[in-house]
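A.B. asks:
Residue numbers (the UniProt record's numbering): 1 to 135.
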């Protein structure tokens with residue numbers, strides 16, 4: 001299996017959200033995603049900037065200065081992969097301390113909503129009501 005988080009970030013940078021028709025214009029800011037090993041050592045980082053309904057994704061390198069993030073989302077690769085596949089949800093993981101958020105929680109939550117898929121059988125409650133009501 002490839003790097004599912006990297007694939008999801010590329011999709012987001014092309015302006016496609018996994019849950020919204022477009023990326024909402026607010027909130028704006030930069031989130032640093034830290035992928036860790038089981039021992040907690042950071043092995044990969046991405047910087048995702050949400051601004052005016054667009055997303056810019058950058059990997060840090062020695063030539064480009066690292067932006068100062070407004071928030072940090074840190075967890076292990078398996079947890080990120082489960083989030084991308086829709087097997088886990090951001091809020092329950094947050095409350096179970098399975099991931100760490102530092103800084104602007106609203107910004108991280110919005111990123112999670114546009115980046116990570118919902119459950120495979122999930123749908124919006126309004127859609128459910130329309131299905132139950134019939135034509």
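The C-beta atom is built at its ideal place from N, Cα and C for all residues, glycine as well.
1. Who are the near neighbours of residue 70 in its chain, counting only those whose CB is closer than 6 Å to its CB and skipping five residues on each side?
2. I'd like to confirm the pairing. Which residues does DSSP put opposite residue 34 in its beta bridges?
3. Run through the DSSP bridge pairs and tell me what residue 56 is partnered with.
4. Could you check whether residue 36 and residue 61 sit closer than 8 Å to each other, using their CB atoms as the reference points?
5. Excluding the 5 residues flanking residue 112 on each side, which residues of the same chain have their C-beta closer than 6 Å to its C-beta?
6. From the DSSP output, in three-state form, read off residue 146 for me.
7. Which residues in the same chain have their Cβ closer than 8 Å to the Cβ of residue 45, if we skip the five residues on either side of it in sequence?
8. CB residue 114 to CB residue 12, shorter than 8 Å?
9. Here's the rule I'm using: 16 or more other beta-carbon atoms within 10 Å means buried, otherwise exposed. How should residue 80 be labelled?
10. Pull up the distance between the alpha-carbon of residue 116 and that of residue 86, whole angstroms please.
11. Quick one: is residue 43 buried, meaning 16 or more other Cβ sit within 10 Å of its Cβ, or exposed?
C.D. replies: This is what the structure holds:
1. Reading the chain shown from its first residue, position 70 is the one you call residue 70. Apart from the 5 residues on each side of it in sequence, residue 70 sits with its Cβ closer than 6 Å to the Cβ of 29, 30, 103, 104 and 107 in its chain, given in chain order.
2. Position 34 of the chain shown holds residue 34. Note: residue 34 sits in a beta bridge opposite 45 and 74.
3. For the purposes of this step, residue 56 is taken as the residue at position 56 of the chain shown. The partner list for residue 56 (beta bridge, DSSP) reads 49.
4. Numbered from 1 along the chain shown, position 61 holds the residue referred to as residue 61. Numbered from 1 along the chain shown, position 36 holds the residue referred to as residue 36. Their beta carbons are not under 8 Å apart, which means residue 61 does not touch residue 36 by this criterion.
5. Translated into positions along the chain shown, residue 112 becomes position 112. Here the set comprises 90.
6. This structure cannot settle anything about residue 146, because the visible part of the chain is limited to 1 through 135.
7. To locate residue 45, count along the chain shown from 1; it is residue 45. Excluding the 5 residues flanking it on each side, residue 45 has same chain C-beta neighbours closer than 8 Å at 32, 33, 34, 35, 59 and 60, in chain order.
8. Within the chain shown, the letter at position 114 stands for residue 114. Within the chain shown, the letter at position 12 stands for residue 12. It is a contact, given that the beta carbons lie within the stated cut-off.
9. For the purposes of this step, residue 80 is taken as residue 80 along the chain shown, with counting starting at 1. In this structure residue 80 is buried. Its beta-carbon is surrounded by 16 or more other beta-carbon atoms within 10 angstroms.
10. Here residue 116 corresponds to residue number 116 of the chain shown, with the count starting at 1. Here residue 86 corresponds to residue number 86 of the chain shown, with the count starting at 1. The straight-line gap separating the alpha-carbon atoms of residue 116 and residue 86 is approximately 7 Å.
11. Stepping through the chain shown from its first residue, residue 43 is reached at position 43. Residue 43 is classed as exposed because its beta carbon has fewer than 16 other beta carbons within 10 Å across all chains shown.
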